[in-house]
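All remarks here apply to the structure that follows.
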Amino acid sequence: MAISGTDAYDGVSGLPPLVERALAAARAHGFPHSCRPEQGRLLHALAGGAPRRVGETGTGFGVGLAWLASGAGAGVRLVGVERDAERARVAAGLFADRPEVEVLTGDWERIGERGPYDLLVLDGGGQGKTDGDRAAPVERLLAPGGTVVVDDFTPATTWPPLYEGRPDRARRFWLEHPALRATELRLAPDLSTLVGIRYGAPSGG
1107 MAISGTDAYD GVSGLPPLVE RALAAARAHG FPHSCRPEQG RLLHALAGGA PRRVGETGTG
1167 FGVGLAWLAS GAGAGVRLVG VERDAERARV AAGLFADRPE VEVLTGDWER IGERGPYDLL
1227 VLDGGGQGKT DGDRAAPVER LLAPGGTVVV DDFTPATTWP PLYEGRPDRA RRFWLEHPAL
1287 RATELRLAPD LSTLVGIRYG APSGG
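As numbered in the numbering used here, residues 1107 to 1311 make up the sequence shown, in order.
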């Protein structure tokens, strides 16, 4: 969830209708942390390459999930998880006419109930950015060849990367993950995202 992400849509036109509906819900509830339009366009494009299943943690009021659903092909299942019950209820209502979209209420780890995923977006939990937030086990959650997106980073300017003057352990974790081929994409001067592709055979457990 991006800081001031909802406000970033001010003056932006040509949005998919489903994204417009989700954005209206976020604004009506005073929710500022929707995914930014730059990130949304990336999710829209990546969803188009997912053959079977897409997952997202931190659904909020559904803006990111709306981008994903708008880009996904026919027959693709989408699952979002939101820990706040009211946000999850509103988001689920937005997709009431889209039976291929499911919104679960609870901790991000519930995403594992529906995997493995061809595309997994870690937007609220599972990123490993903060103390107590366990990094998602992508070896189990991603299908071989599947893509994980870890968003809302400040673009790195040094290596090793730093965040607020300290080693950026979360960024290095994903970029150096042994099960992924990962890279950082700069989406705006102040925004980047990490994208990794899982390779190798399915793991047990």
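In this text, a Cβ means the ideal position worked out from N, Cα and C, and glycines have one as well.
- With a 10 Å radius around the Cβ and a threshold of 16 neighbouring Cβ atoms, Val1118 comes out exposed.
- Across the structure, Ala1194 and Arg1147 are spaced so that their CA atoms are roughly 22 Å apart.
- Separation of the CB atoms of Ala1285 and Arg1304 is rounded to 6 Å, and the pair is thereby assigned contact status at 8 Å.
- With fewer than 16 other beta carbons inside 10 angstroms of its own, Gly1199 counts as exposed.
- Here Val1182 carries a coil assignment [DSSP, helix/strand/coil].
- Excluding residues up to 5 positions away in sequence, Val1185 lie with their Cβ nearer than 6 Å to the Cβ of Glu1208 in the same chain.
- Within 10 angstroms of the beta-carbon of Ser1110 lie fewer than 16 other beta-carbons, which makes it exposed.
- When Gly1271, Glu1290, Glu1270 are compared, the shortest CA-CA separation from Phe1279 is found for Glu1290.
- Here DSSP, grouped into helix, strand and coil, assigns Leu1121 to coil.
- Secondary structure of Phe1137 (DSSP, three-state): coil.
- Inter-residue distance for Leu1248 and Gly1168 is about 22 Å (C-alpha atoms, whole angstroms).
- When DSSP states are grouped into helix, strand and coil, Glu1282 belongs to the coil group.
- In chain order, Asp1224 place their CB closer than 6 Å to the CB of Arg1158, counting only its own chain and leaving out the 5 sequence neighbours on each side.
- Counting other Cβ atoms within 10 Å of its Cβ, Glu1219 stays below 16 and is therefore classed as exposed.
- The three-state reading of DSSP puts Tyr1305 in coil, since its state is none of H, G, I, E or B.
- Annotation: Gly1181 to Ala1172 spans about 16 Å, alpha carbon to alpha carbon.
- Taking C-beta separations shorter than 8 Å and ignoring five residues to either side along the sequence, the partners of Val1196 in its chain run Ala1131, His1135, Phe1167, Gly1168, following chain order.
- Across the structure, Ala1156 and Arg1183 are spaced so that their CA atoms are roughly 10 Å apart.
- For Gly1170, the uninterrupted alpha helix (DSSP H) segment begins and ends at 1169-1177.
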